[in-house]
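Peer 1: Have a look at the structure that comes next, please.
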Amino acid sequence: KVMGLAAYGQPEYQDEFEKIVRLDSSPARSNGRAPFHLGLDYFVHHKTGPEMTWREGSPVLGKLYSDFLDTRLGPSRKAGAVVDRRHEQIAATVQARLEEAVFTLLNRLYELHGIKKLCLAGGVAFNCVTNGKIFQRTPFEEIFIQPAAGDAGLAVGAAFYVWHQILGRPRSFEMQHAYWGPEFSRARIGEEVAKLRMADAGLRIEEAAEEALVKKTAQRIAEGRVVGWFQGRMEWGPRALGNRSILTDPRRPEMKEVLNARIKRREPFRPFCPSILAEAVDEYFEGARHDPFMITVYPIKPEKHSVIPAVTHVDGTGRLQSVRREDNPLYRELIQAFRQLTGVPVLLNTSFNENEPIVNTPAEAVDCFLRTKMDVLAIGPYFLEKKTSSTDAHG
Numbered sequence: 001k002v003m004g005l006a007a008y009g010q011p012e013y014q015d016e017f018e019k020i021v022r023l024d025s026s027p028a029r030s031n032g033r034a035p036f037h038l039g040l041d042y043f044v045h046h047k048t049g050p051e052m053t054w055r056e057g058s059p060v061l062g063k064l065y066s067d068f069l070d071t072r073l074g075p076s077r078k079a080g081a082v083v084d085r086r087h088e089q090i091a092a093t094v095q096a097r098l099e100e101a102v103f104t105l106l107n108r109l110y111e112l113h114g115i116k117k118l119c120l121a122g123g124v125a126f127n128c129v130t131n132g133k134i135f136q137r138t139p140f141e142e143i144f145i146q147p148a149a150g151d152a153g154l155a156v157g158a159a160f161y162v163w164h165q166i167l168g169r170p171r172s173f174e175m176q177h178a179y180w181g182p183e184f185s186r187a188r189i190g191e192e193v194a195k196l197r198m199a200d201a202g203l204r205i206e207e208a209a210e211e212a213l214v215k216k217t218a219q220r221i222a223e224g225r226v227v228g229w230f231q232g233r234m235e236w237g238p239r240a241l242g243n244r245s246i247l248t249d250p251r252r253p254e255m256k257e258v259l260n261a262r263i264k265r266r267e268p269f270r271p272f273c274p275s276i277l278a279e280a281v282d283e284y285f286e287g288a289r290h291d292p293f294m295i296t297v298y299p300i301k302p303e304k305h306s307v308i309p310a311v312t313h314v315d316g317t318g319r320l321q322s323v324r325r326e327d328n329p330l331y332r333e334l335i336q337a338f339r340q341l342t343g344v345p346v347l348l349n350t351s352f353n354e355n356e357p358i359v360n361t362p363a364e365a366v367d368c369f370l371r372t373k374m375d376v377l378a379i380g381p382y383f384l385e386k387k388t389s390s391t392d393a394h395g
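For the sequence shown, the working numbering assigns the number 1 to the initial residue and increments by one for each residue that follows.
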């Protein structure tokens with residue numbers, strides 16, 4: 001949310017945030033410490049400890065900031081209140097200060113080790129805007145960020161620690177894709193489809209071979225339909241990468257509003273992301289590199305802004321996922337089929353959910369499809385279409 005909102009503002013609170021997050025760019029004075037620390041006048045956690053309560057089974061964090069922050073930056077925004085210019089400026093400043101801290105840390109790291117390959121993990125590694133600037137702001141030439149870089153990635157880290165450090169097994173695995181989750185058989189998916197047939201749920205239901213399914217799905221996307229795409233193994237991490245995705249036409253500027261009105265109900269300042277054929281990245285993006293995990297933001301070439309407006313953020317950027325045949329052949333075929341119809345090798349890709357975790361099982365996918373204004377569901381070999389679905393995005 002900070003990344004999305006930051007693009008609308010300017011870092012006008014820079015002087016204040018230099019006091020909130022204080023940087024030391026001198027290696028000689030670091031004594032091995034991180035090159036940043038907090039201005040503690042703005043916080044209370046070091047005095048009272050973090051406050052957390054449970055409400056209806058969910059954790060709720062108490063106040064972490066002191067009243068001094070409100071005095072310096074103005075009152076905190078109430079839930080549901082309008083996002084105004086001040087909030088945009090604060091978000092822009094937070095993003096700018098984060099980048100300064102990260103690049104100070106990374107450049108210090110390079111000075112210590114002189115290695116041009118970088119791996120990042122932790123929640124901050126999901127800051128895609130920062131990630132997209134690493135090559136320009138540091139000497140690093142290769143970067144790897146695994147798709148569950150936040151707390152969930154501790155699971156795979158623990159497993160590899162045992163495998164390599166305790167059991168002494170050699171390093172051999174390289175994570176080229178994110179499709180490590182559950183997969184469901186044709187029979188299991190068929191059970192859910194059979195329930196819909198029996199319930200007469202107002203759907204047109206077809207079973208199709210893979211090539212026909214891809215062509216028909218691409219045709220519906222090109223017509224402006226909103227499509228749920230449930231195929232193969234679920235993605236590892238928080239990004240839908242073409243197996244548990246909602247897909248639409250990026251050429252239609254209204255698609256962002258259509259998705260928010262029908263399904264996602266997200267803040268209007270949050271962008272949607274492009275999935276693009278790997279071989280077409282240089283045609284649409286400036287300075288971009290292969291990114292299968294949708295974890296980096298790059299500038300979209302100015303002449304392409306009007307071609308894919310639904311995935312072009314207000315600052316002219318996009319958080320891309322580049323798709324190769326060897327990583328996800330079926331999803332690549334779908335994007336290629338859309339390209340053959342429209343000349344555009346890009347789909348708007350967002351997670352298959354409605355204010356909930358990304359759907360995992362066939363039953364969850366069907367439930368989300370039925371209760372939202374999604375037009376089509378391509379689930380395994382089945383093509384489900386609502387009979388009331390219109391032939392354009394405004395239906």
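We treat Cβ as the ideally placed atom computed from N, Cα and C, and that holds for glycine.
With 16 as the cutoff for other CB atoms within 10 Å, does Gly-228 come out buried or exposed?
Peer 2: Against the sequence shown, residue 228 aligns to sequence position 228. Buried.
Peer 1: Here's the rule: buried if 16 or more other CB atoms are within 10 angstroms of the residue's CB, otherwise exposed. What is Cys-128?
Peer 2: Translated into the one-based positions of the sequence shown, residue 128 becomes position 128. That one is buried.
Peer 1: Cβ of Ile-335 within 8 Å of Cβ of Ile-189?
Peer 2: Here residue 335 is taken as the residue at index 335 of the sequence shown, counted from 1. Here residue 189 is taken as the residue at index 189 of the sequence shown, counted from 1. Not closer than 8 Å, so no.
Peer 1: In three-state DSSP terms, what is Pro-299?
Peer 2: On the sequence shown, position 299 is the one that residue 299 refers to. Correct three-state label for Pro-299: strand.
Peer 1: Please classify Ala-208: does DSSP put it in a helix, a strand, or coil?
Peer 2: In the sequence shown, the residue the question calls residue 208 occupies position 208. Reduced to three states, the DSSP call for Ala-208 is coil.
Peer 1: With 16 as the cutoff for other CB atoms within 10 Å, does Pro-302 come out buried or exposed?
Peer 2: Counting from 1 along the sequence shown, the entry for residue 302 is found at position 302. Under this definition Pro-302 is an exposed residue.
Peer 1: So, Pro-35 versus Leu-105, is the Cβ gap smaller than 8 Å?
Peer 2: Stepping through the sequence shown from its first residue, residue 35 is reached at position 35. Stepping through the sequence shown from its first residue, residue 105 is reached at position 105. Contact flag set, yes.
Peer 1: Going by Cα to Cα distance, which pick from Arg-33, Trp-54, Leu-64 is closest to Asp-41?
Peer 2: Indexing the sequence shown from 1 puts residue 41 at position 41. Nearest option by C-alpha distance: Leu-64.
Peer 1: Going along the chain, which residues of its own chain have a beta-carbon closer than 7 Å to the beta-carbon of Gln-10, five neighbours each way excluded?
Peer 2: Position 10 of the sequence shown, counted from the first residue, corresponds to residue 10. Here the set comprises Gln-89, Ala-92.
Peer 1: Does the Cβ of Met-234 have 16 or more other Cβ atoms within 10 Å, making it buried, or fewer, making it exposed?
Peer 2: What you label residue 234 is simply residue 234 of the sequence shown in a count that begins at 1. Here Met-234 is buried. Its C-beta has 16 or more other C-beta atoms within 10 Å.
Peer 1: Measuring straight from C-alpha to C-alpha, what distance separates Lys-216 and Phe-173?
Peer 2: Residue mapping note: residue 216 aligns to position 216 of the sequence shown, counting from 1. Residue mapping note: residue 173 aligns to position 173 of the sequence shown, counting from 1. Their backbone Cα atoms lie some 37 Å apart in a straight line.
Peer 1: Return the CA-CA distance between Gly-232 and Leu-167, expressed in angstroms with no decimal places.
Peer 2: Counting from one through the sequence shown, the residue named residue 232 turns up at place 232. Counting from one through the sequence shown, the residue named residue 167 turns up at place 167. Gly-232 and Leu-167 have their C-alpha atoms spaced approximately 32 Å apart.
Peer 1: Nearest CA to the CA of Asn-360: which residue from Lys-19, Arg-252, Lys-387, Gly-181?
Peer 2: Residue 360 sits at position 360 when you count from the first residue of the sequence shown. Closest by alpha carbon: Gly-181.
Peer 1: Taking only the alpha-carbon atoms, compute the straight-line gap between Glu-257 and Leu-112 and give it to the nearest angstrom.
Peer 2: Residue mapping note: residue 257 aligns to position 257 of the sequence shown, counting from 1. Residue mapping note: residue 112 aligns to position 112 of the sequence shown, counting from 1. Straight-line Cα distance between these residues: approximately 48 Å.
Peer 1: Compute the beta-carbon to beta-carbon distance between Leu-241 and Ala-178, rounded to the nearest angstrom, for a pair I have assumed lies under 8 Å.
Peer 2: Numbered from 1 along the sequence shown, position 241 holds the residue referred to as residue 241. Numbered from 1 along the sequence shown, position 178 holds the residue referred to as residue 178. 5 Å between Cβ atoms; contact.
Peer 1: When burial is assigned at 16 or more other CB atoms within 10 Å of the CB, is Lys-78 buried or exposed?
Peer 2: The residue labelled residue 78 in the question sits at position 78 within the sequence shown. Burial call: exposed.
Peer 1: Answer yes or no: do Gly-4 and Arg-265 have a C-beta to C-beta separation smaller than 8 Å?
Peer 2: For the purposes of this step, residue 4 is taken as residue 4 along the sequence shown, with counting starting at 1. For the purposes of this step, residue 265 is taken as residue 265 along the sequence shown, with counting starting at 1. Result no, Cβ atoms of Gly-4 and Arg-265 do not sit closer than 8 Å.
Peer 1: With a threshold of 8 Å, are at least 3 pairs of Cβ atoms found where one atom belongs to the segment 284 to 300 and the other to the segment 120 to 135?
Peer 2: yes
Peer 1: Give me the Cα-Cα distance between Arg-289 and Arg-197, rounded to the nearest whole angstrom.
Peer 2: Residue 289 sits at position 289 when you count from the first residue of the sequence shown. Residue 197 sits at position 197 when you count from the first residue of the sequence shown. Cα-Cα distance, rounded: 45 Å.
Peer 1: Tell me the residue span of the beta strand (DSSP E) that contains Gly-228.
Peer 2: Residue 228 sits at position 228 when you count from the first residue of the sequence shown. Gly-228 -> beta strand (DSSP E) spans 227 to 230.
Peer 1: Would the beta-carbon of Asp-249 fall within 8 Å of that of Gly-287?
Peer 2: On the sequence shown, position 249 is the one that residue 249 refers to. On the sequence shown, position 287 is the one that residue 287 refers to. The answer is no: Cβ separation not under 8 Å.
Peer 1: Is the beta carbon of Val-376 less than 8 Å from the beta carbon of Arg-251?
Peer 2: Looking up residue 376 in the sequence shown gives position 376. Looking up residue 251 in the sequence shown gives position 251. Not closer than 8 Å, so no.
Peer 1: Would you kindly work out how many angstroms separate the C-alpha atoms of Leu-247 and Thr-388, rounded to a whole number?
Peer 2: As a working note, residue 247 is residue 247 in the sequence shown. As a working note, residue 388 is residue 388 in the sequence shown. Near 19 Å, if we compare the C-alpha coordinates of Thr-388 and Leu-247.
Peer 1: Any idea what DSSP makes of Gly-318, helix, strand or coil?
Peer 2: By 1-based counting over the sequence shown, the position of residue 318 is 318. It is a strand residue.
Peer 1: Please classify Lys-386 as buried or exposed, where buried requires at least 16 other C-beta atoms within 10 Å of its C-beta.
Peer 2: Residue numbering aside, residue 386 sits at position 386 when the sequence shown is read from its first letter. Per the 10 Å Cβ criterion, buried.
Peer 1: Name the DSSP beta bridge partners of Val-323, please?
Peer 2: Your numbering for residue 323 matches position 323 in the sequence shown. According to DSSP, which records beta bridges pairwise, Val-323 is partnered with Leu-277.
Peer 1: Rounded to whole angstroms, what's the CA-CA distance from Gly-373 to Phe-17? Just pull it up for me.
Peer 2: Within the sequence shown, residue 373 is the residue found at index 373, counting from 1. Within the sequence shown, residue 17 is the residue found at index 17, counting from 1. The amino acid occupying residue 373 in the given sequence is Lys; Gly does not appear at that position. So the alpha carbons of these two residues sit roughly 43 Å apart.
Peer 1: Mapping the DSSP letters down to three states, classify Thr-362 as helix, strand or coil.
Peer 2: Residue mapping note: residue 362 aligns to position 362 of the sequence shown, counting from 1. Checking the displayed sequence, the identity of residue 362 turns out to be Pro instead of Thr. Pro-362: helix per DSSP, three-state reduction.
Peer 1: Decide if Val-366 is buried, meaning its Cβ has at least 16 other Cβ atoms within 10 Å, or exposed.
Peer 2: Here residue 366 is taken as the residue at index 366 of the sequence shown, counted from 1. With 16 or more other Cβ atoms within 10 Å, it is buried.
Peer 1: With Ala-378 as the anchor, note down where its alpha helix (DSSP H) starts and where it stops.
Peer 2: For the purposes of this step, residue 378 is taken as residue 378 along the sequence shown, with counting starting at 1. Unbroken run through Ala-378 is the beta strand (DSSP E), 376 to 379; no alpha helix (DSSP H).
Peer 1: Can you tell me which of Met-52, Ala-152, Lys-1, Phe-272 puts its alpha carbon nearest to the alpha carbon of Leu-308?
Peer 2: Counting from one through the sequence shown, the residue named residue 308 turns up at place 308. Sequence check: residue 308 is Ile here, not Leu. Comparing alpha-carbon positions, the option among Met-52, Ala-152, Lys-1, Phe-272 lying closest to Ile-308 turns out to be Phe-272.
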